[in-house]
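Chemist:
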Amino acid sequence: MSVEAVCSQLSQSCHCHSSLFLMFTVTARIDDKTGIDYSLVGPPRATAQSLDADLKGEFYSLAHRSTVPFSPLPLAFPSDHERMVYFGASSYFFNTASIAYHKAGALVFEVTDAMIPKETGFKLETSVFSAFIPQVSSLMYPNMPMKFRLSAPTAPFLTIGPGGISFQPVVDAQAYAILPNSSLAPLFLLSLVRRMQNLMNVLTSSILLPRLNGENLLEGMGKLEHPPLRLLHPSGPAH
């Protein structure tokens with residue numbers, strides 16, 4: 014059989030099966046909020062030593078899928094293939110997940126007194142913050158339980174570079190007093206633009222992680238410099 018005949022039959026066979034390839038599922042549901050698109054972004058590259066396949070790896074919101082406002086950066090794999098399988102993920106993979114979950118309203122976390130181990134002897138109450146805002150504890154809401162609600166006003170981005178990984182989210186920490194009728198009264202808002210370390214210092218120094226295997230986790234971090242607190246005068250209870 015001539016080369017032309019072989020090529021003709023191969024082309025015809027590929028054409029017949031192309032409709033089946035189009036039916037392959039290239040998306041998967043992650044949870045009730047997001048999915049992931051792992052379709053090929055280019056033809057697989059085969060050599061005598063390796064087979065490379067570039068997948069999209071893009072998270073999207075199940076409620077409303079929109080175009081990602083940035084493009085992925087190329088990945089660089091080691092030239093010597095000592096391992097059988099290599100898997101790489103760029104910041105595009107993580108940042109599209111961040112956008113998808115932010116759009117779904119999933120980047121909201123709450124810290125309550127029930128989440129604090131009882132053996133710490135710490136109570137998340139307004140009296141704890143009397144040193145920062147005396148009027149909150151003594152005048153407005155004395156010795157009342159509190160709740161912190163952490164949220165991201167914008168999707169946090171992860172940067173991966175030669176120097177390592179950088180993750181600097183913008184976080185709003187809203188503090189509430191829990192009233193006797195279980196409704197919430199806003200106390201103050203912490204806007205953490207550069208780092209969450211300030212808030213984590215306050216929470217972990219005597220609440221969540223004071224020590225690990227006998228070592229003080231916060232030793233050597235330096236003086237705590239908290240951002241300005243903005244006192245909110247409540248116009249009514251929040252729920």
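In terms of the working numbering, the sequence shown opens at residue 14 and continues consecutively.
The beta carbon of each residue, even a glycine, is placed where N, CA and C say it ideally should be.
When burial is assigned at 16 or more other CB atoms within 10 Å of the CB, is K116 buried or exposed?
Modeler: Start at 1 with the first residue of the sequence shown, and residue 116 comes out as number 103. Label assigned to K116: buried.
Chemist: Output yes or no for whether 8 Å exceeds the beta carbon distance between L120 and A76.
Modeler: Here the question's residue 120 lines up with position 107 in the sequence shown. Here the question's residue 76 lines up with position 63 in the sequence shown. Taking 8 Å as the Cβ cut-off, L120 and A76 do not qualify as a contacting pair.
Chemist: Consult DSSP for L86 and reduce its assignment to one of helix, strand or coil.
Modeler: In the sequence shown, the residue the question calls residue 86 occupies position 73. Reduced to three states, the DSSP call for L86 is coil.
Chemist: Let me see if you follow: with CB-CB separation under 8 Å, is S21 close to chain B or not?
Modeler: This model lacks chain B altogether; it includes just one protein chain.
Chemist: Compare the Cα-Cα distances from Q62 to each of I178, R96 and K136 and report the closest residue.
Modeler: Within the sequence shown, the letter at position 49 stands for residue 62. When each option's Cα is compared against that of Q62, the closest is R96.
Chemist: Output needed for L153: all residues of its chain with C-beta closer than 7 Å, excluding positions within five of it in sequence on either side, in chain order.
Modeler: In the sequence shown, counting from the first residue as 1, residue 153 sits at position 140. Reading the sequence as shown, one finds Met at residue 153 and not Leu. Here the set comprises nothing.
Chemist: Which residue from S196, Q187 and T172 puts its Cα closest to that of F204?
Modeler: Here the question's residue 204 lines up with position 191 in the sequence shown. One point to set straight first is that residue 204 is Ser, not Phe, in the sequence displayed. Out of S196, Q187 and T172, Q187 has the C-alpha closest to the C-alpha of S204.
Chemist: Tell me whether Y114 sits in a helix, a strand or coil according to DSSP, three-state version.
Modeler: By one-based count along the sequence shown, residue 114 stands at place 101. Helix, per DSSP.
Chemist: Would you mind sorting S104 into buried or exposed? The rule is 16 or more other CB atoms within 10 Å of its CB.
Modeler: Translated into positions along the sequence shown, residue 104 becomes position 91. With 16 or more Cβ atoms within 10 Å of its Cβ, S104 is classed as buried.
Chemist: Just checking, does the segment 107 to 116 make contact with the segment 71 to 90 on the three C-beta pairs under 8 Å criterion?
Modeler: In short, these stretches touch, since the Cβ pair count reaches three.
Chemist: Within 10 Å of its beta-carbon, does R224 have 16 or more other beta-carbons around it, so buried, or fewer, so exposed?
Modeler: In the sequence shown, residue 224 corresponds to position 211, counting from 1. Confidence at R224 is low in this model, with a pLDDT of 39, below 50, so its placement is unreliable and no value can be given for it.
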